[in-house]
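Participant: Sharing a structure, written as structure tokens. Questions coming.
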Ligand code: HEM
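Spelled out as structure tokens, the structure:
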């Protein structure tokens, strides 16, 4: 077998990329595919959650049966505090907008090809986020949450962070500081996903641990943890995403990131399906046909 003279030459000197960078490109692609999958799965799940809110809370209200909101949580609809009903109602409406629109804003192709759409939807998105936060905060001030002080603090901080992230995403975009704008928009997106994750995490906990630590009226130790856990870890993941797109990860970290995203996507898909089979599917149907249930 004849050996080519080039076999002994360093690949870099033959004008080929070194083997390590080919591996790096593959690993980086795995990471990007993982992020894309998680992005798509979360969006679909968010749309299902939005459908539940619009059909159940919107449908029952339009049918003059707003008191049925209390089937979800006691005290959501109390005629004695009409302003609290308005506040939580505004937060429902804007929550639906956030769940539907958020992912669209991250589609790079649309941002580049139709910047006016990105700007228009962006204004609607940050206004909705601010209103969802303010509506939730007003409800807490007017009525308090079902879980008492710890839940008030957890949800109160959530509302404040939502307003702050929305404001900073907007201010940086207006000033043309797009790197900071993107970072704050990712944080805001991570927060809006949190309100959906809250339900997912409870569902998963009941599945794997039988709901240990949950108490009547959200007063168990697990409820106290969950008052913060549905959004603080998301912000950590958001920081990871912000940094991983700025600097190229090592091949090993890229593969790890891809595997983590794949696992998270599977988890999201499974729990969403369980929720549809459980409360959401039934409530969507009863909201659309309120008199039939
Ligand atoms: C994407 C954004 C949001 C969505 C989609 C959303 C959705 C919901 C839904 C559907 C409920 C009724 C309970 C249920 O059926 O599970 C609820 C309750 C509530 N939400 Fe939100 N929410 C969002 C953001 C916020 C924010 C930013 C706050 C901040 C303060 C907040 C505070 C509350 C409070 C205080 C309640 C009532 C809890 C209780 O009565 O104990 N939400 N939310």
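Numbering (UniProt numbering), first residue to last: 1 to 293. Built from N, CA and C at the ideal position, the CB exists for glycine as well. Remember, predicted model here, so these are calculated numbers, not experimental data.
1. Looking at the unbroken alpha helix (DSSP H) that takes in residue 194, where does it start and where does it end?
2. So, at 6 Å on beta carbons, what are the nonlocal neighbours of residue 101 in its own chain, with the 5 sequence-adjacent residues on each side left out?
3. Any contact between the segment 188-203 and the segment 232-246? By contact I mean 3 or more CB pairs, one from each, below 8 Å.
4. Taking C-alpha atoms, which residue in 266, 267, 254, 269 lies nearest to residue 30?
5. May I ask whether a heavy atom of the ligand HEM can be found less than 7 Å away from the beta carbon of residue 45?
6. Can you list, in chain order, the residues of its chain whose CB lies under 8 Å from that of residue 167, leaving out five sequence neighbours each side?
7. Return yes when the C-beta of residue 162 is under 7 Å from any heavy atom of the ligand HEM, and no when it is not.
8. For residue 204, which residues from the same chain have a beta carbon less than 7 Å from its beta carbon, with the 5 sequence-adjacent residues on both sides left out?
9. In angstroms with no decimal places, state the Cα-to-Cα distance between residue 305 and residue 238.
10. Between the alpha carbons of residue 249 and residue 139, how many angstroms are there, rounded?
11. What residues in its chain sit with their C-beta under 7 Å from that of residue 187, if we drop five residues either side in the sequence?
12. Could you name the residues of the same chain whose beta carbon sits closer than 7 Å to that of residue 142, not counting the 5 residues immediately before and after it, in chain order?
Facilitator: On the basis of the coordinates in this document:
1. Counting along the chain, the alpha helix (DSSP H) containing residue 194 begins and ends at 178-209.
2. If we look at residue 101 and ignore the five residues flanking it on each side, its Cβ neighbours are 121, 125.
3. Judged by Cβ distances under 8 Å, the segment 188-203 makes contact with the segment 232-246, as three or more pairs qualify.
4. Cα-wise, what sits closest to residue 30 is 254.
5. Relative to the ligand HEM, the beta carbon of residue 45 is positioned no closer than 7 Å to any heavy atom.
6. When the five nearest sequence neighbours on each side are left out, the beta carbons in the same chain lying within less than 8 Å of the beta carbon of residue 167 are those of 126, 130, in order along the chain.
7. Residue 162 Cβ: within cutoff of the ligand HEM.
8. Answer for residue 204: 271, listed in chain order.
9. Not covered by the structure: residue 305. The range shown for the chain is 1 to 293.
10. C-alpha separation (whole angstroms): 43 Å.
11. The answer, listed in chain order, is 165, 235, 238.
12. Hits under 7 Å: 81, 83, 84, 87.
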